[in-house]
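Engineer: Have a look at the structure that comes next, please.
2 protein chains.
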Amino acid sequence: MTSVYLDRIAATPLLPEVREAMGPFLGEAFGNPQSLHAAGRLAQEAVEEAREDVAVLVGAQAAEIYFTASGTEANNFAIKGLALGHQAKGRHIVVSAIEHSSVLNSIKALERQGFTATLVPVDGSGRVDPADVEKALTKDTTLVSVMTANSEIGTIEPIAAIAAAAKPRGILVHTDAVAAAGSVPLDVQALGIDALSLAGDQFYGPKGGAALFVRKGVRILPLIDGGIQEGGRRGGTENVPAIVGLGRAARLAARDMEARRAALVPLRDRLLDELPRRIERVLVTGSRTDRLPHHASVCVEFVEGEAMLLSLDMQGIAASSGSACTSKALKASHVLLAMGLDHATAQGSLVFSLLDATTPAGIDRLLEVFPPIVDRLRRMSPLWTEHLKKRGS
Amino acid sequence: MTSVYLDRIAATPLLPEVREAMGPFLGEAFGNPQSLHAAGRLAQEAVEEAREDVAVLVGAQAAEIYFTASGTEANNFAIKGLALGHQAKGRHIVVSAIEHSSVLNSIKALERQGFTATLVPVDGSGRVDPADVEKALTKDTTLVSVMTANSEIGTIEPIAAIAAAAKPRGILVHTDAVAAAGSVPLDVQALGIDALSLAGDQFYGPKGGAALFVRKGVRILPLIDGGIQEGGRRGGTENVPAIVGLGRAARLAARDMEARRAALVPLRDRLLDELPRRIERVLVTGSRTDRLPHHASVCVEFVEGEAMLLSLDMQGIAASSGSACTSKALKASHVLLAMGLDHATAQGSLVFSLLDATTPAGIDRLLEVFPPIVDRLRRMSPLWTEHLKKRGS
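Going down the list, the protein sequences come from chains A and B. First residue of the first sequence? That's 1068 in the numbering used here, and the numbers climb one at a time after it. First residue of the second sequence? That's 1068 in the numbering used here, and the numbers climb one at a time after it.
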C-alpha cells in the first residue's frame, strides 16, 4: 500500500468538507437542475452557489464560469471554441511549446481545419519570454494560450506580461491554469485574460468537476452542443455532485491558500535542495523562484523514470514521471525537450508533488529510500558503467 | 418536498449498491488510472471492470466502450467524430426529426462546416419508417443516426430495420440509446449498429458517467483531444467514481431488467389508460405498443405544460414537460411538432416517468390530484372558455 503519496499532480483526495458537501447530491438530492420542480430547484441552487465559489477563486463573475467535466475539456472548449468563434478575423494561434496535450492536440485538430499555430519556445527553466510571444503575433492571430504553470516542471509563467503583449492588438488570451488554480492566487482581472481553465481534482475537489472562465461578451462556440445548460454553451446534464464538490474545494482553497503554501514550500525546497545533494547527476528541472508550492521535479541521469517509479511504488511511495495524461506513453516529455534537455536525460524525469497532508517524515522517507534505488538501477545500466569509467579516467 | 417523483427521464437516484461501489473512489482510492503506482492501478482496475459491465449491458466488447461525461457528450462524440472521420467518403448525414438536441445541434455544427443532413419524418406515434431512412440515403451519406427511444414520448424505434437499410451500402449507423439503455434489452450485434450512446443517470447510475460504444475498427475522431486515456480517443482524467457507478448500475440493470419492466408496465399503462378517461381532451403521445416501460406522456389541451408542472410541484409531485435539456426553453417541442401536433397542443405536453420505487399509491395520488389542477388552470384560459362555448352550442 502507498504510505507516502507524492503524486498530487495526478490526483488529490477529496477534503472531508468537500465529500460532505457532495453527499446529499449523491443521495436524496438527485434532481436535475433543469427540472421545474422542487428537486430540480434544489440542484440548481447548489450549482449556482458553486459557480459563485469558483468565480471568487479567480476573481471572475459567476456568469463567466462554465462547468466542464475535466481540465482537458475546458482546454478543448477554450482553444477550439475561441479559435472557431473568431476565425472570420484570422486563423493563427500562438501557444507555448510546453502546453498540455489537451491544448497542443486541440491545436493539431484546428490545423487539420486550416488554422496555423506558432509554438513559442521556453528557456532552460521552462519560462516563456513575453517578448517571444509578442514577436510571434501576426495580423491573423486571434488567440494566445500559455499555461499558468506547468505540471511537469512546476514553473509559473508570466501570464500578465504575456496578456499585456497581446491585448493591445485585440487578441484573445487564454491560460490553462489547471496545474495552478487553487494553489496560487489568480485574478483574471489583474492578469488581463479572457479565458482560464481550472480543474477541481488538482485542489481536493472531485474528478469530473472543472470549469472554464470566459470573459463576459467574448464569443465562444460550444465544444459539446446540446441543450440549454450553461447558457447554451455546454450541453449535457450538469454533474451536480461534482460541481458542488468543485465549488466547495474552490472556497476552501481561497480561504486556506496562504497557509497551505507556507507549509508546503519548506518541504518542497528540502526536496529540491537534498535530491541533488544526495544523488550524483540529479538535475532540478523548472524554475526555483517562480514555482508551484507543492512541486519538486528532477531528472535523474542514466536511469529511466518508469523504473524508478516502479521501485518507489514497491517501497510504498507514489510519484510520477510527468503529466498523467502521457505518463504511460513512455515518450520523452515534449516539455523537457523544449527546455533543451536531451532525450536520455529527459527519460529520467520524476515529479514529486506534495499534498497538504504530506509530512516532513514522508519527505525524509523518500530521501532515505530513493538514493539506494537509483544506485541499484544505475548498476544495471551500461551507460552508467561507461560514465563511471570516463569519470574515473 | 417531493413525495411522488415521476421525472425519471430527468434524473434517477443512485441505487444503494451503486453508491456503495463508488464510495471508496470518493475516499481513499482517489488515484489516477494513468499513474504508475498502486493507487493508480487500483483506479485502473476499477475502470476496466466497469468497462466490462457496460459492454455486457449492450452486447459489446469492453474495448469498444469509451467513457464520456454525459449522454450529450457521447452523442457529440459519435456524430461529429464519425462524420469528420469519414468525410473523405461523403458529407451527408441522415437523422430522424425527433432526435435529442445534442444530436440535432451537433448536426448544425457540422452543417456550418459544409456537411448536409436529411431529417427523416416520423408518424403520429413518433415512429421512424425504415423505408424513409432508406429513401433519404444518397451516395454521399456516411452516417445514419436514429435514437433507440425518445424521452419525450417513450416511443421505441425500429433500429435493427433501420440499420439493415443502411449497412449494405457501407453506411455507419449510430443510435442515441440514452433514454433506452438500462431499461430495454439492447444488443449491438443483433441491432447491427456501429455506435451507441448511453448514460448511467438514466438507470440509477451517477451523473457524469456515460459511454459511447464504437464498433472495433470503426474510425472516429476525438471530440475532446488530450492524453492517452480511452485509447487516445477521449482525453481527460477518467472520472473514476462516476465510471465505477455507471458500471455497477449497468450490471444491476442487466440483472434486473425483466423484473423492473414487469413491475413498471402496469403502472405506466394505468396512467396511459386513466389520464384520458379522467380528464377531457387529454391525448396520449407516442406509441402504445413500442414504448419505454417507465414512460407515460400526454398532451393536455388548453393548458400550458409549465403551469401544470408548477401546480403539481406544489402538491409534491415531480414531473416534466419533456427533455430536461429544453424544459426551461419554453418552446413547443420539435418532437411533438414532427408528429403532427399543432403548437397549442404541444404546449400542453407532460411526461410522467416512473422509477422502480414508484408505488401504485403514488400513481393513485397523481390521478387524484391532477384532474382538479387541470380544471383550475383551464378556468383561467380564454381558449378553454371558447372551447366550452363551442362544445355547448
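Glycine included, every Cβ here is placed at the ideal spot set by N, Cα and C. None of the values given here were measured: they were computed from a predicted structure.
Just to confirm my understanding: we take L1093/B, look at its own chain, exclude 5 residues before and 5 after, and list those with CB closer than 6 angstroms. What are they?
Structural biologist: Closer than 6 angstroms at the Cβ level, and outside the excluded window around L1093/B, lie P1308.
Engineer: Along the alpha helix (DSSP H) that carries T1135/B, what are the first and last residues, could you check?
Structural biologist: Element bounds for T1135/B: not the alpha helix (DSSP H) but the beta strand (DSSP E), 1132-1135.
Engineer: Let me check one thing: in DSSP terms, what residues is Y1072/B bridge-paired to?
Structural biologist: Answer is A1385/B.
Engineer: Hey, how far is the Cα of G1181/B from the Cα of T1205/B?
Structural biologist: Near 16 angstroms, if we compare the C-alpha coordinates of T1205/B and G1181/B.
Engineer: Over what stretch of residues does the beta strand (DSSP E) that includes L1149/B continue unbroken?
Structural biologist: No beta strand (DSSP E) holds L1149/B; the alpha helix (DSSP H) holding it covers 1138-1152.
Engineer: Assign R1358/B to one of three DSSP states: helix, strand, or coil.
Structural biologist: R1358/B falls in the strand class under three-state DSSP.
Engineer: Going by CA-CA distance only, name the one from R1345/B, E1224/B, G1098/B, V1418/B that's closest to G1107/B.
Structural biologist: If we check each option's Cα against that of G1107/B, G1098/B comes out closest.
Engineer: Quick one: residues in its chain with C-beta nearer than 8 angstroms to the C-beta of K1150/B, no 5 flanking neighbours on either side, listed in chain order?
Structural biologist: Reading off the sequence, residue 1150/B comes out as Ala, not Lys. Counting only Cβ-Cβ distances below 8 angstroms, and skipping sequence neighbours, we find R1158, I1160, L1177, F1182, T1209, L1210.
Engineer: Is there a Cβ of chain A sitting closer than 8 angstroms to that of I1430/B, yes or no?
Structural biologist: Chain A contact via Cβ: absent.
Engineer: Going along chain A, which residues have a C-beta under 7 angstroms from E1140/B?
Structural biologist: I1291, G1303, listed in chain order.
Engineer: Taking D1442/A as part of the alpha helix (DSSP H), name the residues at either end of that continuous run.
Structural biologist: Here the alpha helix (DSSP H) through D1442/A covers 1427-1446.
Engineer: Would L1450/A count as contacting chain B if we go by Cβ distances under 8 angstroms?
Structural biologist: No, L1450/A does not count as interfacial toward chain B.
Engineer: Let me see if you follow: with CB-CB separation under 8 angstroms, is T1079/A close to chain B or not?
Structural biologist: Yes, contact with chain B.
Engineer: Smallest Cα separation from A1465/A: which of V1123/A, L1290/A, A1117/A, E1115/A?
Structural biologist: Since the first residue of chain A shown is 1068 and the last is 1460, residue 1465/A is not available in this structure.
Engineer: Would you please verify whether the beta carbon of N1189/A is less than 8 angstroms from any beta carbon of chain B?
Structural biologist: The displayed chain sequence assigns Val, not Asn, to residue 1189/A. Not an interface residue.
Engineer: Let's test the definition: count the other Cβ atoms within 10 Å of the Cβ of G1191/A and tell me whether it reaches 16, buried, or not, exposed.
Structural biologist: By the 10 Å Cβ count, G1191/A comes out exposed.
Engineer: Out of E1224/B, A1386/B, A1424/B, M1381/B, point me to the one whose CA is closest to V1195/B's CA.
Structural biologist: Of E1224/B, A1386/B, A1424/B, M1381/B, the residue nearest in Cα terms is E1224/B.
Engineer: Could you round the C-beta distance between L1377/B and L1103/A to whole angstroms and report it? I think they count as a contact, below 8 angstroms.
Structural biologist: Confirmed, about 7 angstroms.
Engineer: Could you check the C-alpha separation between D1340/A and S1168/B for me, to the nearest Å?
Structural biologist: Roughly 56 angstroms separates the two Cα atoms.
Engineer: Determine, using beta carbons only, whether P1273/B and G1312/B come nearer to each other than 8 angstroms.
Structural biologist: Yes, these two residues count as a Cβ contact at 8 angstroms.
Engineer: Taking only three categories from DSSP, how would you classify D1243/A?
Structural biologist: Strand at D1243/A.
Engineer: Across which residues does DSSP place A1216/B in a beta bridge pair?
Structural biologist: Note: A1216/B sits in a beta bridge opposite I1223/B.
Engineer: Is the shortest distance between the beta-carbon of S1378/B and the beta-carbons of chain A less than 8 angstroms?
Structural biologist: Not closer than 8 angstroms to any Cβ of chain A, the Cβ of S1378/B fails to qualify, so no.
Engineer: Counting only the same chain and skipping the five closest in sequence on each side, list residues whose C-beta sits under 7 angstroms from that of P1100/A.
Structural biologist: The residues are G1107, A1110, Q1111, V1114, E1305, V1307.
Engineer: Please classify I1310/A: does DSSP put it in a helix, a strand, or coil?
Structural biologist: Residue state, collapsed to three classes: helix.
Engineer: With a cut-off of 8 angstroms, does the C-beta of E1197/A fall near any C-beta of chain B?
Structural biologist: In the sequence under discussion, the amino acid at residue 1197/A is Pro, which differs from the Glu named in the question. Judged by the 8 angstroms Cβ criterion, P1197/A is not in contact with chain B.
Engineer: Roughly how many angstroms lie between the CA atoms of Y1133/A and G1298/A, to the nearest whole one?
Structural biologist: When rounded, the distance between both Cα atoms is 9 angstroms.
Engineer: Excluding five sequence neighbours on each side, which residues of the same chain lie with their C-beta closer than 7 angstroms to the C-beta of L1408/B?
Structural biologist: C1366, listed in sequence order.
Engineer: On the DSSP bridge assignment, give the partners of V1349/A in chain order.
Structural biologist: According to DSSP, V1349/A bridges with V1367/A.
Engineer: Please list the partners that Y1133/A has in chain B, where partner means a Cβ-to-Cβ separation under 8 angstroms.
Structural biologist: Result: empty, since nearest Cβ-Cβ is about 14 angstroms, beyond 8 angstroms.
Engineer: Quickly, what does DSSP pair V1161/B with across the bridge? List them, please.
Structural biologist: For V1161/B, which the question treats as bridged, DSSP gives the partners T1185/B, V1211/B.
Engineer: What does A1309/B touch in chain A if you count any residue whose Cβ is under 8 angstroms from its own?
Structural biologist: The answer, in chain order, is K1274, G1275, N1306, A1309.
Engineer: Take G1294/B and list the residues in its own chain whose beta-carbon comes closer than 6 angstroms to its own, dropping the five residues that flank it on each side.
Structural biologist: Around G1294/B: G1302.
Engineer: What are the boundary residues of the alpha helix (DSSP H) that includes A1411/B?
Structural biologist: 1410-1413 is the span of the alpha helix (DSSP H), which, as asked, contains A1411/B.
Engineer: To the nearest angstrom, how far is the alpha carbon of Q1269/A from that of A1316/A?
Structural biologist: Roughly 10 angstroms separates the two Cα atoms.
Engineer: According to DSSP, is V1125/A helix, strand or coil?
Structural biologist: Helix at V1125/A.
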